[in-house]
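According to this note's numbering, the sequence shown holds residues -8 to 142 in order. Below is one structure, written out as structure tokens; comments come after it.
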Amino acid sequence: MPLHGEYSPGSFDLAREQVAAFEAHNGEGDTGKNPSGGPIVILTSVGAKSGRLRKSPLMRVEHNGDYAVVASLGGAPKNPAWYANLKANPHVELQDGAEKHDYLAREVDGDEYRTWWERAIVVWPEYVEYQAKTDRKMPIFVLERMTGRAR
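Put into structure tokens, the structure is as follows:
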């Protein structure tokens, strides 16, 4: 079941522009990459406080149809806003290229965290630098698909 509600773009210009370009071109060409060339997906979550839809361009970490999103915020001392959204409302949408699907997000730890961390740093080695910049352990959510059909 798709998410419904009013979309409120974030205040960060680069992220807002990435989302708009990705959606306009279904992630084709450079619109499917961050400014440094890493592959991205668009995560749509429901705002924990506002209840509005929020969209975030995040690194594409995929394995056997499941995805992981790393709450890095570039190694900032706090989690990104979408972290609270996923904790409060784990039903999310993920767009990878032209395909959008519904997923349930769950925060992982232990061996599962280590496995997904290794997968994440293969895709985006800068995560290691981000982790070194902060005292917090950067959370990882695994997104497991809820439905079998693309929209």
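Glycine is no exception: its CB is placed at the ideal position from the N, C-alpha and C atoms.
Where residue i falls, given that 16 or more other Cβ within 10 Å makes a residue buried
i      : result
Thr138 : exposed
Phe132 : buried
Glu135 : exposed
Ser47  : buried
Val113 : exposed
Beta-carbon gap between residue i and residue j smaller than 8 Å
i       : j     : result
Pro130  : Ala62 : yes
Thr125  : Gly66 : yes
Val32   : Arg7  : no
Gly(-4) : Leu49 : no
Asn76   : Gly29 : no
Thr54   : Arg97 : The question names Thr, yet the displayed sequence has His at residue 54. Not in contact: His54 and Arg97 (Cβ atoms no closer than 8 Å).
For residue i, the residue or residues it bridges with in DSSP
i      : result
Leu85  : Leu34, His92
Leu143 : One cannot answer for residue 143 here, as it falls past the ends of the chain, which runs -8 to 142.
Glu98  : Phe132
Closer than 7 Å: residue i CB and nearest the ligand FMN heavy atom
i     : result
Asp57 : The ligand FMN is not part of this structure, which contains no ligands at all.
Checklist entry - Do the segment 81 to 95 and the segment 32 to 50 make contact, defined as three or more Cβ pairs closer than 8 Å? => result yes
Checklist entry - If you scan the segment 7 to 83 from start to end, which runs of the beta strand (DSSP E) of 3 or more residues do you find wholly inside it? => result 31 to 37, 44 to 50, 52 to 54, 57 to 61
Next on the checklist: Quick test of the definition: if touching needs 3 or more C-beta pairs under 8 Å, does the segment -1 to 13 touch the segment 91 to 111?
Outcome noted: no
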